[in-house]
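In our numbering, the protein residues as written are 8 to 241. Backbone N, C-alpha and C fix where the C-beta goes; we use that ideal spot for every residue, glycine too.
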């Protein structure tokens, strides 16, 4: 026999499920701490950024969207908050330390001052005995298990040698200019497409070739590097 109590409990369960699904469907926005950031808020709307424990971090009402500055978090730290626009939750915001790559170590295969400076800025440490290798040179003679290569545009086209068993093509949020050209004799990575990076695999080795317009100031790009490094971290 179905009672009113059972019906009410089922309805409550459905409402909770719908609320959870709605929360899971909200967009996630990543922002830096320690530098001015913009949030996607319609002009003229009132907005507030509220921490997980309920404290309001910052709020405002602006004619040209929302801009905010949050104090820098400790190296490698992350906090979460909710973005409310006109009183309604619109997104989950992850607030990151300026040094997102803190806790990771790698080595450089050459004295790439530009690459070294960009990576140090985001907290990456360099050690000669590290298993992860960063390079600007697309030459395929490095035997490291994980290689992240950032060639400049003048280095292209780059041939893909036969010992790579798998090639995968990837788009990124910020886009790119890479492409892979095939013919009967060889495969070539060129700078005439819209790919963000290309991954080559062979046994336990992985080599990432990134687009020459890779933006080290994009938080989405740095989080991509963090994800790749986490796959190798013991």
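For residue i, the first and last residue of its enclosing alpha helix (DSSP H)
i: residue 226; result: 226 to 239
DSSP state of residue i mapped onto helix, strand, coil
i: residue 124; result: helix
i: residue 32; result: helix
i: residue 162; result: helix
i: residue 52; result: coil
i: residue 185; result: strand
i: residue 221; result: coil
i: residue 212; result: strand
i: residue 180; result: coil
i: residue 80; result: coil
i: residue 142; result: strand
Cα-Cα separation, residue i to residue j
i: residue 79; j: residue 39; result: 8 Å
i: residue 96; j: residue 56; result: 10 Å
i: residue 231; j: residue 70; result: 33 Å
i: residue 84; j: residue 107; result: 7 Å
i: residue 209; j: residue 92; result: 48 Å
i: residue 224; j: residue 112; result: 20 Å
i: residue 177; j: residue 170; result: 20 Å
i: residue 179; j: residue 35; result: 16 Å
i: residue 103; j: residue 137; result: 25 Å
i: residue 48; j: residue 148; result: 48 Å
i: residue 61; j: residue 98; result: 15 Å
C-beta contact flag for residue i and residue j at 8 Å
i: residue 58; j: residue 88; result: yes
i: residue 175; j: residue 206; result: yes
i: residue 184; j: residue 167; result: no
i: residue 75; j: residue 44; result: yes
i: residue 153; j: residue 239; result: yes
i: residue 226; j: residue 37; result: yes
i: residue 145; j: residue 46; result: no
i: residue 221; j: residue 197; result: no
i: residue 82; j: residue 68; result: no
Start-to-end residues for the beta strand (DSSP E) that takes in residue i
i: residue 201; result: 194 to 202
i: residue 89; result: 85 to 92
i: residue 74; result: 73 to 76
i: residue 97; result: 95 to 103
i: residue 63; result: 63 to 68
i: residue 44; result: 43 to 46
i: residue 114; result: 112 to 115
The ligand ATP heavy atom lying under 7 Å from the CB of residue i
i: residue 152; result: Within the structure as shown, the ligand ATP is missing, as the structure has no ligands at all.
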